[in-house]
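This is how it looks when you write it as structure tokens:
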């Protein structure tokens, strides 16, 4: 059996996912992280995790391509054995995603289908296929968005996928309860990352506006989110289940 708990983080090579991976390592978990195209960034995060005394491995995955999931989990099985001396992992964090900004009147079917594949269909079937490789008494954390509660024009399709993932989270909690697998959604507010072209980080006017509608008076940073995800992967959160936890500093109250 593995000595440490193991978490699988999709999109763990950059942005929020990177901070989640590092925060998990600081809590004493080993980490499998996925990257879409930038293997060098993933390798750098793996080295940082190893520097914290934990084991880690980076694997390529496109969460929008369900047909690749079987081969991906073969890689996960091999990594569990070779890197971690384990047969299964404990926590799944469905984090990987992309942004798309367009008014309803201008949203294309192509944009909509991309968001469905990555944010909902991908997360649904990746979770389904992960279940046989997960230990009981673990957890699933789905990354949602503050945009599922409040509305900013241009994010209707993206936010709708996040609404779907929150409903899915509740069903996971219900159906996996007998295995003592908890399922929760973490909903970040606006965060300064390169997500969506870095608009929150780089647009001073938007940044100032978001700070002005946030109770704590600033825009979120990646390390505001990762620590909450890591907390949910510890025994301290053993009775937190089927919750939507918004981590936004109090946006749009």
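Residue numbers (the working numbering): 163 to 415. Glycine included, C-beta positions come from ideal geometry on N, C-alpha and C. Keep in mind it's a predicted model, so treat the numbers as computed, not measured.
**Study point:** residue 386 versus residue 377 - alpha carbon distance
**Key:** 15 angstroms
Check your understanding: Grouping DSSP H, G and I as helix and E and B as strand, with all else coil, what is residue 290?
Key -> helix
Point to revise | Span of the alpha helix (DSSP H), counted from its first residue to its last, around residue 232 | key: 231–241
Point to revise | Reduced DSSP secondary structure (H/G/I, E/B, other) of residue 253 | key: strand
Check your understanding: In chain order, what residues of the same chain have a beta carbon less than 6 angstroms from the beta carbon of residue 221, not counting five sequence neighbours either side?
Key -> 196 and 237
Exercise for review: State buried or exposed for residue 333, treating a residue as buried only when at least 16 other CB atoms are found within 10 Å of its CB.
Suggested key: exposed
Point to revise | residue 163 in three-state terms, based on DSSP | key: Unreliable placement is indicated for residue 163, whose pLDDT of 44 sits below 50; the coordinate value is still reported in the next sentence. Coil at residue 163, not helix or strand.
Practice item. Tell me, please, which residues DSSP counts as bridged to residue 327. Key: Paired residues: none, contrary to the question.
**Study point:** Contact set for residue 319: own chain, Cβ-Cβ below 7 angstroms, skip 5 residues either direction
**Key:** 262, 269, 273, 274 and 277
**Study point:** Closest by C-alpha distance to residue 343, when choosing among 296, 314 and 316
**Key:** 296
Check your understanding: I think residue 204 touches residue 243, with their Cβ atoms under 8 angstroms apart; what is that distance to the nearest whole Å?
Key -> Actually they do not touch by this definition, with Cβ atoms about 20 angstroms apart.
Point to revise | Secondary structure of residue 312, DSSP reduced to three states | key: coil
Practice item. Under the assumption that residue 345 contacts residue 302 (Cβ atoms under 8 angstroms), give the Cβ distance between them as a whole number of angstroms. Key: 4 angstroms
Practice item. For residue 178, I'd like the list of residues in its chain whose CB is within less than 8 angstroms of its CB, leaving aside the five on either flank, ordered along the chain. Key: 257, 305, 350, 353, 355, 357, 384, 387 and 388
Practice item. For the beta strand (DSSP E) containing residue 220, list its first residue and its last residue. Key: 218–222
Exercise for review: May I have the straight-line CA-CA distance separating residue 312 from residue 375, to the nearest angstrom?
Suggested key: 12 angstroms
Check your understanding: Nearest to residue 330 by CA position, among 371, 228 and 283, is which residue?
Key -> 283
Review point. Does DSSP put residue 341 in a helix, in a strand, or in coil?
Key: helix
Point to revise | Spatial distance of residue 163 from residue 293 (CA atoms) | key: With a pLDDT of 44 at residue 163, under the threshold of 50, the modelled position of that residue is not reliable, and the figure given next carries that caveat. Looking at the two C-alpha atoms, the distance is approximately 18 angstroms.
Review point. What are the boundary residues of the alpha helix (DSSP H) that includes residue 274?
Key: 271–277
Check your understanding: Once you ignore the five residues that flank residue 380 on each side, which residues in its own chain have a CB closer than 6 angstroms to its CB?
Key -> 373
Review point. Quick one, are the C-beta atoms of residue 191 and residue 169 less than 8 angstroms apart?
Key: yes
Review point. Would a C-beta distance cut-off of 8 angstroms place residue 409 and residue 348 closer than the cut-off?
Key: yes
**Study point:** Other residues of its chain near residue 287: CB distance less than 8 angstroms, five sequence neighbours each side excluded
**Key:** 228 and 231
**Study point:** Same chain, Cβ closer than 6 angstroms to residue 414, neighbours up to 5 away in sequence not counted
**Key:** 312 and 375
Check your understanding: From what residue to what residue does the alpha helix (DSSP H) around residue 205 run?
Key -> 201–213
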